[in-house]
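Asks:
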Amino acid sequence: MHRSTVVLMLALATANVQAQDSQPFSVSGEILPGACRVSFPDVDLGSHSATLFTGSFGTPYVDFNGTVSDCDPLVMRVAMTFDGSADADNAQLFQGVKGVGIELVRVVGSTPVPIPPGSRTQYVTAAGSYPFRARFLQSAASVGAGRVTRPITVSLSYN
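By the working numbering, the letter at position 50 of the sequence shown is numbered 50, and the numbering carries on one by one without gaps.
(1) From E30 to L137, what does the alpha carbon distance come to, in whole angstroms?
(2) Could you pull out every residue in the same chain whose Cβ sits closer than 6 Å to the Cβ of R120, ignoring the five residues on either side in sequence?
(3) Cutting at 6 Å between CB atoms, please list the residues of its own chain near D72, excluding the five before and the five after it.
(4) Helix, strand or coil for L104? Go by DSSP, reduced to three states.
(5) When burial is assigned at 16 or more other CB atoms within 10 Å of the CB, is N65 buried or exposed?
(6) Examine the Cβ distances between the segment 105 to 113 and the segment 143 to 157 and report whether three or more of them are shorter than 8 Å.
(7) Excluding sequence positions up to five away, which residues of its chain have a Cβ less than 8 Å from the Cβ of R135?
(8) Between the Cα of S69 and those of R37, S26 and P117, spot the shortest distance and give me the residue it belongs to.
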């Protein structure tokens, strides 16, 4: 009797396992396009006397181009995000010296479109040369003096 109980228990255990021998599961993922190469020059805004900054003075724009090249064929559009420290008196400008910020703009036709710190621009094509301008712009009544070397980081996102 003891032997037939063990055999019966093994048979029930096997039947139980056989009833649960399949389990569906999902596999997911995403194939992303490759990257592009991006190149921006260092921009020299020149030397300007602090006494010029009265009211809302801005220096002349300095034109430069950002270049996006060598894109993966799957990359159709590119967006650029510009990060850097904001001016203490005007968050629409990048940090310069006390009372003077750096205005960064992209050129759309002949219209300069401001690019505040942390903002994103969208382009309808990936590879190309994109026109930009930068200048010093007064952000407060009282201005300081000093050398400005401010990193602005551009990050690309695709499609």
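Glycine included, every Cβ here is placed at the ideal spot set by N, Cα and C.
Replies: Let me lay it out:
(1) Locating residue 30 in the sequence shown gives position 30, where the first residue counts as 1. Locating residue 137 in the sequence shown gives position 137, where the first residue counts as 1. Between E30 and L137, the C-alpha separation is close to 44 Å.
(2) For the purposes of this step, residue 120 is taken as the residue at position 120 of the sequence shown. Correct list, in chain order: A79 and T81.
(3) What you label residue 72 is simply residue 72 of the sequence shown in a count that begins at 1. Within the same chain, D72 has close Cβ partners P33 and G34.
(4) By one-based count along the sequence shown, residue 104 stands at place 104. Three-state DSSP puts L104 in a strand.
(5) For the purposes of this step, residue 65 is identified with residue 65 of the sequence shown, where counting begins at 1. N65 is exposed by the Cβ-count criterion.
(6) no
(7) As a working note, residue 135 is residue 135 in the sequence shown. Correct list, in chain order: L45, G58, T59, P60, Y61, V62, I102 and E103.
(8) Against the sequence shown, residue 69 aligns to sequence position 69. Residue R37 is the option with its Cα nearest to S69.
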